[in-house]
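Sequential numbering from 507 applies to the sequence shown in our numbering. Ideal Cβ placement from N, Cα and C applies to all residues, glycine included. On a predicted model such as this, the values are computed, not experimentally measured, just so you know. Take a look at the structure below.
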Amino acid sequence: MATAISTEKNFFEIKKGIASWLFTLDHKRIGLMYFYAIISFFLVGVILGLLMRLELIAPGETIVKPTTYNQIFTLHGVIMIFLFIIPSIPAIFGNFFLPIMLGTDDVAFPRLNLLSWWLYVGGAVFALLTLVVGDGPADTGWTFYAPYSVQTGTNVTLSVLAAFILGFSSILTGLNFIVTIHRLRAPGMTFNKMPLFAWSLYATSWIQLLATPIIGITLLMIVAERVFGIGLFDPSIGGDPILYQHLFWIYSHPAVYIMALPAMGIISELIPSFAKRTIFGYKAIAYSSMAIAFVGYFVWGHHMFTSGMSGTARVIFSILTFIVAIPTAVKVFNWVATLYKGSIDVQTPLLYALAFIFQFLIGGLSGLVLAALAADIHVHDTYFVVGHFHYVMFGGTGFAMFGALHYWFPKIWGRMYNKRTANIGFALLTVGFNFLYFPMMILGLMGMPRRYYDYLPRFTDLNVISTVGSWILAIGLIIMLWNLIRAKKTGEKVGRNPWGSISMEWQTKSPPPLENFDKLPELNEGGPYHYKH
Ligand code: HEM
Ligand SMILES: [Cu+2]
């Protein structure tokens, strides 16, 4: 660690001005630039979600035409997947905290890290350009299924190029984290003494590095098919649309773990910090991340049970999908075991962690319904699926991200937010969330198909409840963000460790100095979570 740099000033104060941010090599500033960009797109995605729910408040045409509706859910999906949930936790909190938690001063390749951010912005620009070019955003769904994606006149080419560029950003972040974890851990920090958040990022990074190229090439094949009509996916010119589905899901199922694993890592930090208890089953949690990352490559076929695969293939994919649930259940068991007999300090981040466990469980269990081959045939492409994946991605990962934000807020900005207001925001978000998505599961079981802008009158009541839920959720979001924005300027100043946590990032100042530590950090005896009772 260089000693010439002042540790008096924190990383905000060391340099000022827009350029000092846009061209920074400091992992903390890059993490925060991701934060602002990602939150902005999240809000755009939320507005699109609210528009869809408004359309669906009553049968028939309410506010938009059918094609516009199709474009809205596609853009909503593209933004939420590629611009929000995939980058969210690794790019924001991984960038900010991984080096600090490893006791080092930056990631392995700071310039590559900055390039990742710029690629992210570049990809986002492409996605937004679809709004103003030609026939508007793609209307294919975020999955870009062929042959429709090859035939439609909307801006599929621009949308998939956006996803292609965003993929590069994701690959570079993964590469950076893998090298950082292998090469830059503080002396004495063996793999088995690494914080569980670092472990979760490690598992995630391998998926980012190895799976993302597959979607990259697949999306380019869509462009090639559209522009040159090669006959890859379009059956009218000799292509195979099922091939597209395989290639798409070979990436996109592992991508589900790019979304879920870092969230599980966050929960593994929050639970011991607020239960004031050594984490139960450290190794089981750490290695189960690796197991999930590995087995996650072999289950993609569960998205294609109705596409005409052989019976044998379907049964195998179904069984493998059940197997991924095991390492996930191992984690949940260990979190609950850690809470059991802990001296629990009920703070906002813990509330988010508890909501995560509850909602992720509903998401996971409904996933098992979909994994069960026979049941999936009935609920495939219904609102049951929409309920399921929002529980996993939003109720799970989204809530973990908000928990992380409330946990590390005082470390990043050196101030504390109003805890009461934060809890009110949390309550509205949680209530709104469950009113928004639980009815979707029931609607799906009743037979309401997804990606429809209209429905039969018998589905009306539950759709109204869902739409009202979306408004409660939106109010909760506004309160949460407003509370944090206010706290950034006027919140009470806090010291190094307002929560009494023991992992490494709490040993440095809040906000941290440029090179992260003003004195050599000490490894906690007995591993990162060893609370002395
Ligand atoms: C206020 C928040 C949100 C609302 C009201 C909302 C609502 C909706 C609705 C109504 C659909 C269309 C379902 C269909 O017709 O099939 C949808 C689709 C989708 N949502 Fe959300 N959503 C919200 C947040 C999120 C978040 C946070 C994520 C990801 C983390 C997400 C990911 C998706 C995806 C991937 C689709 C599928 C798009 C497609 O079918 O191509 N949503 N959402
Ligand atoms: Cu899957």
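Would residue i be called buried (16 or more neighbouring beta carbons within 10 Å of its own) or exposed?
| i | result |
| --- | --- |
| I991 | exposed |
| Q853 | buried |
| L656 | A small correction: the amino acid at residue 656 is Val; Leu does not occupy that position in the sequence shown. So V656 ends up on the buried side. |
| E561 | buried |
| E519 | exposed |
| A835 | exposed |
| R820 | buried |
| T710 | buried |
| I536 | buried |
| V584 | buried |
| T509 | For T509, the predicted model reports a pLDDT of 47, less than 50, meaning its position is unreliable and no value from the coordinates is stated. |
| K789 | exposed |
| R1040 | An answer regarding residue 1040 cannot be provided, because it is not within the stretch 507 to 1039 covered by the chain. |
| P963 | exposed |
| R926 | exposed |
| I743 | exposed |
| H1039 | The predicted position of H1039 is uncertain, since its pLDDT is 47 and thus under 50; no value can be drawn from it. |
| I569 | exposed |
| T686 | buried |
| T636 | buried |
| T679 | buried |
| D740 | buried |
Going by DSSP, what residue range makes up the alpha helix (DSSP H) through residue i?
| i | result |
| --- | --- |
| K522 | From DSSP, K522 is part of no alpha helix (DSSP H); its letter is neither H nor E. |
| P760 | 747-781 |
| P605 | 601-608 |
| M986 | 966-996 |
| W624 | 616-635 |
| Q865 | 854-877 |
| P472 | Lying before the first or after the last residue shown, residue 472 is absent from the chain, which here runs from 507 to 1039. |
| I585 | Where I585 is concerned, there is no enclosing alpha helix (DSSP H), given that its DSSP letter is neither H nor E. |
| S742 | Looking at the DSSP string, S742 is not in any alpha helix (DSSP H), and its letter there is neither H nor E. |
| N940 | 925-952 |
| H808 | Element bounds for H808: n/a, residue is neither H nor E. |
| L1026 | Here L1026 belongs to no alpha helix (DSSP H), and DSSP marks it neither H nor E. |
| H537 | In the sequence as presented, His is not what sits at residue 537; that position holds Gly. G537 -> alpha helix (DSSP H) spans 533-561. |
| M796 | 788-801 |
| V662 | 662-689 |
| V898 | That residue, V898, is in no alpha helix (DSSP H); it is neither H nor E in DSSP. |
| F657 | Position check: residue 657 holds Gln in this sequence, whereas Phe was assumed. Where Q657 is concerned, the enclosing alpha helix (DSSP H) stretches over 654-657. |
| F823 | 817-845 |
| Y466 | A question about residue 466 goes unanswered here, because the residues of the chain that appear run from 507 up to 1039. |
| S886 | First, the amino acid is wrong: residue 886 is His here, not Ser. H886 -> no alpha helix (DSSP H), and no H or E assigned at all. |
If residue i sits next to residue j, beta carbons under 8 Å apart, how far is it from one beta carbon to the other, in whole angstroms?
| i | j | result |
| --- | --- | --- |
| Y757 | T718 | 7 Å |
| G609 | P1027 | 5 Å |
| T660 | D645 | 5 Å |
| F517 | L1020 | 5 Å |
| L725 | P855 | That belief does not hold up - the Cβ atoms of L725 and P855 are roughly 37 Å apart, past 8 Å. |
| F541 | L604 | Rounded, the Cβ-Cβ distance is 15 Å, inconsistent with contact. |
| Q791 | P760 | Note on identity: in this sequence residue 791 is Ile, with Gln being the wrong assignment. Incorrect: roughly 20 Å between the Cβ atoms, too far for contact. |
| F941 | V974 | 7 Å |
| L554 | L581 | 6 Å |
| G551 | F590 | 6 Å |
| R1002 | K1015 | 6 Å |
| L667 | V733 | In fact, because the Cβ distance is near 11 Å, the residues do not count as touching under 8 Å. |
| F944 | M954 | Going by Cβ atoms, the distance from F944 to M954 rounds to 14 Å, so no, they are not a contact pair. |
| M765 | T903 | 5 Å |
| T812 | I883 | 6 Å |
| G642 | R957 | About 17 Å separates the two Cβ atoms, so there is no contact after all. |
| H688 | D612 | So it is not a contact: roughly 15 Å between Cβ atoms. |
| I773 | W705 | With 8 Å as the limit, I773 and W705 do not qualify as a contact, their Cβ atoms being about 13 Å apart. |
| K699 | M770 | Wrong, their Cβ atoms sit about 19 Å apart, outside the cutoff. |
| I918 | F602 | 7 Å |
| P768 | L707 | 6 Å |
| I736 | M1010 | 52 Å between Cβ atoms; not a contact. |
At a cut-off of 7 Å, is residue i close to ligand 4 when judged by its beta-carbon and the heavy atoms of the ligand?
| i | result |
| --- | --- |
| M954 | Among the ligands present in this structure, namely ligand 1 and ligand 2, ligand 4 is not found. |
key: Inter-stretch contact at 8 Å, needing at least 3 Cβ pairs: the stretch 617-632 / the stretch 663-676   = yes
message = For the stretch 650-667 against the stretch 609-625, do three or more pairs of beta-carbon atoms, one drawn from each stretch, fall closer than 8 Å, so that the two count as touching?
response = no
inquiry  = I want to know whether the stretch 905-913 touches the stretch 592-606 - three or more CB-CB distances under 8 Å.
reply    = yes
ask   = For the 8 Å Cβ check, are there 3 or more pairs between the stretch 873-881 and the stretch 839-852?
value = no
Cβ contact (3+ pairs, closer than 8 Å) linking the stretch 827-844 and the stretch 858-870 = yes
Contact the stretch 747-756 vs the stretch 881-897: 3+ CB pairs below 8 Å = no
inquiry  = With three or more beta-carbon pairs closer than 8 Å as the criterion, would you say the stretch 563-582 touches the stretch 519-529?
reply    = no
message = Check whether the stretch 924-932 and the stretch 985-1003 touch, using three or more Cβ-Cβ pairs below 8 Å as the test.
response = yes
message = Measuring CB atoms only, is the stretch 936-956 touching the stretch 883-893, in the sense that at least three cross pairs come out at less than 8 Å?
response = yes
inquiry  = Quick check: the stretch 740-754 against the stretch 806-825, are at least 3 beta-carbon pairs closer than 8 Å?
reply    = yes
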